[in-house]
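Data block below; observations after.
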Amino acid sequence: MGNPKGFIEVARKESGYRPVVERIDDYGEVEQTLNEQDRKLQASRCMDCGIPFCHWACPVGSKIPEWQDAIYKGDWKLASDILHSTNSFPEFTGRICPNPCEKSCVLAIHKEAVTIRENEASVVEKAFAEGYIQPRIPKVRTGKKVAVIGSGPAGMSTADVLNQMGHTVTVYEKDEAVGGLMRFGIPDFKLNKKIIDRRVEIFKQEGIQFKTNQYVGFDVKGEKLLKDFDAVVLAIGAMQPRDLPVEGRDLKGVYFAMEYLTQQNRVNRGDKIANKDRIDAKGKNVLVIGGGDTGSDCVGTSNRHKAKSVTQIEILPKPPEERGAGNPWPYWPTTLKTSTSHEEGCERRWSLSTKRFIGSNGNLKKVELVEVEWTKDEKGAWKMNEVPGSEQIMDVDLVFLSMGFVHAVHRGLVEELAIEIDQRGNLKVNSHYQTSVDKVFAAGDAHNGASLVVTAIQKGKEAAQAVNEFMME
1 MGNPKGFIEV
11 ARKESGYRPV
21 VERIDDYGEV
31 EQTLNEQDRK
41 LQASRCMDCG
51 IPFCHWACPV
61 GSKIPEWQDA
71 IYKGDWKLAS
81 DILHSTNSFP
91 EFTGRICPNP
101 CEKSCVLAIH
111 KEAVTIRENE
121 ASVVEKAFAE
131 GYIQPRIPKV
141 RTGKKVAVIG
151 SGPAGMSTAD
161 VLNQMGHTVT
171 VYEKDEAVGG
181 LMRFGIPDFK
191 LNKKIIDRRV
201 EIFKQEGIQF
211 KTNQYVGFDV
221 KGEKLLKDFD
231 AVVLAIGAMQ
241 PRDLPVEGRD
251 LKGVYFAMEY
261 LTQQNRVNRG
271 DKIANKDRID
281 AKGKNVLVIG
291 GGDTGSDCVG
301 TSNRHKAKSV
311 TQIEILPKPP
321 EERGAGNPWP
331 YWPTTLKTST
341 SHEEGCERRW
351 SLSTKRFIGS
361 NGNLKKVELV
371 EVEWTKDEKG
381 AWKMNEVPGS
391 EQIMDVDLVF
401 LSMGFVHAVH
411 RGLVEELAIE
421 IDQRGNLKVN
431 SHYQTSVDKV
441 FAAGDAHNGA
451 SLVVTAIQKG
461 KEAAQAVNEF
471 MME
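Numbering-wise, the UniProt record's numbering puts 136 at position 136 of the sequence shown, and it's gapless, one number per residue.
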């Protein structure tokens, strides 16, 4: 390592965020950047720890100590090359990954971890600015053709790896633009969509063909793809949201989180949405049900709409501020997380369950909640119990259900091809990512279940290797 004492001499310094009073008036990215010298100093904090648990915790196996050292030495091209050796698009993970690597940083045992995610983002932005990232056009084509269904992180990762192997790849996307959940689910204040466009343009120059507004299973039949291609990869995500089947669920004002976030992303793109179809939180009391990242995104979007109030509830107990004895380093910490959206304004409550929605003339007006407590039964399994007499009525105009995703959407392609699913509803695959249908593979959340962008990228890489072996054997 360039500076073996860097972790002793240099304190952690983060990029920070734009002031709340400024950022809640627009959808620009909230995170700021450090200057080049400060970034080198932050990279110098990467200690020569012997066993880099950051590498172990990263789903794509990023060679973190190596590219941190390259940053410190000012060799940004080398840092970029090392980054891209395991990750097709570090500009995405450098912005929206929850950085499990940092949670497993050896330095985090006693001090603050290295700013790995921020350093990663700085490398790829420097690489684009200096022209280090250029199209890598395959010199030889194999003559094999692959259709990738879905253009999210798993689909693009699969397409990139297969294209670099020399196969001809066509990506089918049901929406009008490439990116999947990254484009239409993640708010612009976390990921500017120009970042996606920039990478997609490079992929196009490298020979990958993208067909948008092509909903496979509807606009294009799966059987046709099986005739036209040597292999088909389903990277359709796990987009079936978890619902809340309680009284009043059908009232106007109760929406899935993705209905809200997707619409706002479309508005930001310049799409025209009829007033009768607009989901507008301005001046309204908003309730977000679900305490995860998607719920947090609804909070941030509601704040930008100028909601009257925003409350986020979670059925589980409030997490601890610090790791518990049963949650040691280097494992993922199940601790309280406060996002930039929470900082902008939000009441957060825990151990609350929703009993019913109450309306008038078909419109949502109130919600009935009840406190719950969690205990273990005689077998050690957690059990939820309502607290008697703890029912409460809350005035609310909008509810966003953000309780996660259960599995891939089955309607359309999955049903058409009669692809076998597992007990969780995900596409069932063998150890080679093959589904029950010949020539059909699955990648990412479609078979793995809802997970991180970085995990989807890795699953896409692995699926691509399996497809290559299948076609070339």
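Cβ atoms here follow ideal geometry from the backbone N, Cα and C, with glycine treated the same way.
Within the same chain, T334, T335, L336 come within 7 Å of P319 by CB-CB distance, once the 5 residues on both sides are set aside. In this chain, the beta strand (DSSP E) harbouring K211 covers 209-211. In chain order, W374, T375, K376 place their CB closer than 8 Å to the CB of W382, counting only its own chain and leaving out the 5 sequence neighbours on each side.
With respect to the 7 Å criterion, D297 and P187 are classified as neighbours on the basis of their beta carbons. Taking all protein chains shown into account, D277 has fewer than 16 neighbouring C-beta atoms within 10 Å of its C-beta and is therefore exposed. Listed in chain order, the non-local C-beta contacts of T354 below 7 Å within the same chain comprise L244, V246, I289, V367, L369, local neighbours out to five positions each way being set aside.
Straight across, the Cα-Cα distance linking E391 with E347 is about 18 Å.
Of V178, P135, G16, the smallest CA-CA separation from F210 is found for V178. The beta carbons of A235 and G444 sit about 5 Å from each other, so the pair counts as a contact at 8 Å. Linking F53 to F203 through their CA atoms gives a straight-line distance of about 32 Å. Taken atom to atom, the span from the alpha-carbon of V148 to that of N361 is near 46 Å. Per DSSP, the continuous alpha helix (DSSP H) segment holding H342 begins and ends at 340-343.
The C-beta of D422 has fewer than 16 other C-beta atoms within 10 Å across all chains shown, which makes the residue exposed. In the DSSP assignment, F92 falls within the alpha helix (DSSP H) that extends over 90-96. Rounded to the nearest whole angstrom, the C-alpha separation of E173 and D48 is 44 Å. Listed in chain order, the non-local C-beta contacts of Q68 below 6 Å within the same chain comprise A43, C46, local neighbours out to five positions each way being set aside. DSSP links K40 through a beta bridge to no other residue. Shown here, S436 sits in coil according to DSSP, grouped into three states, outside any helix or strand.
Going by beta carbons, L34 and S62 fall outside the 7 Å limit. Short of 6 Å from the beta carbon of A159, and not among the five residues preceding or following it, lie these beta carbons of its own chain, in chain order: V148, V169, V171, I208. A direct Cα-to-Cα measurement between R249 and Q312 gives close to 18 Å. Assignment of alpha helix (DSSP H) within the segment 375-431, counting only whole runs of 4 or more residues, yields 413-416 in chain order. Rounded to whole angstroms, A281 and G166 show a C-alpha spacing of 49 Å.
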